[in-house]
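Here my numbering is used: the first residue of the sequence shown is 3, the next is one more, and so on.
Encoded as structure tokens, the structure appears first; notes follow it.
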Amino acid sequence: MPFDAGIARQAVEWWVTLQSDDASDALRAACVRWREVHPEHERAWRHIEGADSRMRHVSDALGAAVARAALRAPRSRERRMAVKAIAGAVFLGTGAWVASDPGAVQWLRADARTGAGERRTLSLADGTTLSLNTRTAVRLSMDGDVRGIALIEGEIMVTTGQDAGHVPPRALIVSTMHGTLQPVGTRFAVRRTDEGGDTSVQVFEGAVRVTPKAVAGAGATLERIVHAGEQARLTADNVGPVLPLAQGDGAWTDGIFVAADMRLDVFLAELSRYRRGYLRCDPMVASLRVSGTYPLADIDAILGVLPHALPVAVTAVTRYWVTVGPRG
């Protein structure tokens with residue numbers, strides 16, 4: 003009898019949670035209670051108890067990445083992808099999961115990726131420099147007639163190379179789920195917003211041709227050219243208005259985050275990208291304003307100084323669950 007998808011993921015989430023160093027007797031007891039709520043819960047748990055042996059049969063492309071991601075912080079992107087991967091591999095079989103969840107497959111099969119708070123810079127074969135911001139995954143294709151960078155998740159900074167080994171140089175295409183971006187001798191940043199809402203492009207040198215997925219190859223009547231000092235947002239069927247860059251855009255490549263009269267809830271949402279776990283802003287203080295330049299190397303240190311600048315208190319239930327709320 004097939005398993006309900008929701009119950010399968012719940013079972014995997016419990017299983018992953020109990021592998022953590024933070025697993026307490028109370029958590030183990032809660033898992034037992036969950037198993038007792040319904041016979042299907044217990045059936046799913048018994049099935050997943052053999053996960054260790056089953057995971058040995060998962061393809062190499064998934065195995066190591068899943069094993070590392072499974073122990074990441076609760077509510078993190080890595081954790082969610084790991085749960086999807088394990089549930090699919092254990093309850094559906096790898097082939098069925100590949101067909102049912104291609105987004106998770108792309109993430110796990112990325113050529114390069116970063117975790118929370120991690121940044122990497124790559125020198126590609128064509129001379130392009132590619133910087134990956136926190137929680138980012140990319141696929142690379144430099145062997146064909148077109149140089150390709152597919153942004154699966156997160157944010158990148160691209161400084162285009164000359165492609166000296168090819169005459170004429172091959173086109174460089176950056177793609178996301180929303181469309182394509184083709185630079186003309188440029189330095190630019192591309193970011194996919196959380197949960198795939200849209201794609202933003204910020205141009206620091208040169209220009210970038212931005213084409214929505216829906217019109218690519220069909221006259222591209224909605225494409226726009228974004229020039230140095232400008233930015234725009236891209237959805238699958240439209241390119242938004244071209245606007246000037248904001249103060250501090252691109253500073254993450256130097257390990258800096260710049261806030262200019264930013265709402266506190268927006269500020270904390272940005273910081274949460276660089277920190278494992280859940281960083282919550284109480285609605286009562288969400289509209290407070292933050293300005294300043296902050297080093298991204300230690301997010302907890304930034305949180306530690308907030309009560310000295312604003313009427314807020316920072317409360318940590320665990321190291322993975324932190325709330326910023328009103329003082330007193």
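From the three backbone atoms N, C-alpha and C, an ideal C-beta is built for every residue, glycine too.
Keep in mind that this is a model prediction, so the values were computed, not measured.
Taking Cβ to Cβ, would you say residue i is nearer than 7 Å to residue j?
i: LEU290; j: LEU270; result: no
i: LEU224; j: VAL212; result: no
i: ALA13; j: ILE50; result: yes
i: ALA152; j: SER177; result: yes
i: GLY119; j: TYR280; result: no
i: LEU245; j: HIS180; result: no
i: THR162; j: LEU174; result: yes
i: THR201; j: ARG194; result: yes
i: GLY250; j: LEU298; result: no
i: THR255; j: MET159; result: yes
i: PHE190; j: GLY252; result: no
i: VAL314; j: VAL287; result: yes
i: PHE5; j: ALA32; result: no
i: ILE227; j: LEU273; result: no
i: VAL307; j: VAL316; result: no
Identify which residue in the options has its Cα closest to the Cα of residue i.
i: LEU183; options: THR138, GLY208, PRO170, PHE5; result: GLY208
i: VAL192; options: MET144, LEU20, GLU155, TRP36; result: GLU155
i: THR116; options: ALA127, ASP128, VAL140, ARG35; result: VAL140
i: GLU157; options: LEU126, ASP145, HIS168, VAL203; result: VAL203
i: TRP323; options: HIS310, ASP284, LEU298; result: ASP284
i: PHE259; options: ALA288, PHE206, ILE227, SER293; result: SER293
i: LEU126; options: THR138, ASN135, LEU142; result: LEU142
i: LEU312; options: ILE301, LEU298, TYR296, ARG329; result: ARG329
i: ILE9; options: VAL39, GLN233, ALA216, HIS310; result: VAL39
i: ASP239; options: VAL148, ARG172, LYS215; result: LYS215
i: TRP16; options: ARG278, TRP36, GLY146; result: TRP36
i: ARG164; options: HIS229, VAL326, THR131, ARG11; result: Just to set this straight, residue 164 is Gln in the shown sequence, not Arg. Per the Cα distances, THR131.
What are the residues that DSSP puts in a beta bridge with residue i?
i: GLN2; result: Here the chain has residues from 3 to 330 only, and residue 2 is not among them.
i: TRP323; result: TYR280, THR320
i: LEU124; result: LEU132
i: GLN233; result: GLN204, LEU245
i: ARG194; result: THR201
i: ALA261; result: GLY294
i: ILE304; result: ILE304 is not bridged to any residue.
i: MET159; result: SER133, ALA191
Helix, strand or coil for residue i? Go by DSSP, reduced to three states.
i: GLN164; result: coil
i: THR255; result: helix
i: GLU15; result: helix
i: VAL100; result: Its pLDDT being 43, under 50, VAL100 is placed unreliably in this model, and the coordinates cannot settle the point.
i: SER354; result: The structure shown does not extend to residue 354, since the chain is modelled only from 3 through 330, so no value can be given for it.
i: LEU142; result: strand
i: PRO328; result: strand
i: LEU153; result: strand
i: ALA69; result: Any reading at ALA69 is ruled out, since the residue's pLDDT is 47, under 50, leaving its predicted position unreliable.
i: ARG189; result: strand
i: GLY8; result: helix
i: ALA114; result: strand
i: SER61; result: Any reading at SER61 needs caution, since the residue's pLDDT is 45, under 50, leaving its predicted position unreliable; the model's value is listed next. Coil.
i: ASP27; result: helix
i: ARG275; result: coil
i: ALA315; result: strand
i: VAL169; result: coil
i: VAL228; result: strand
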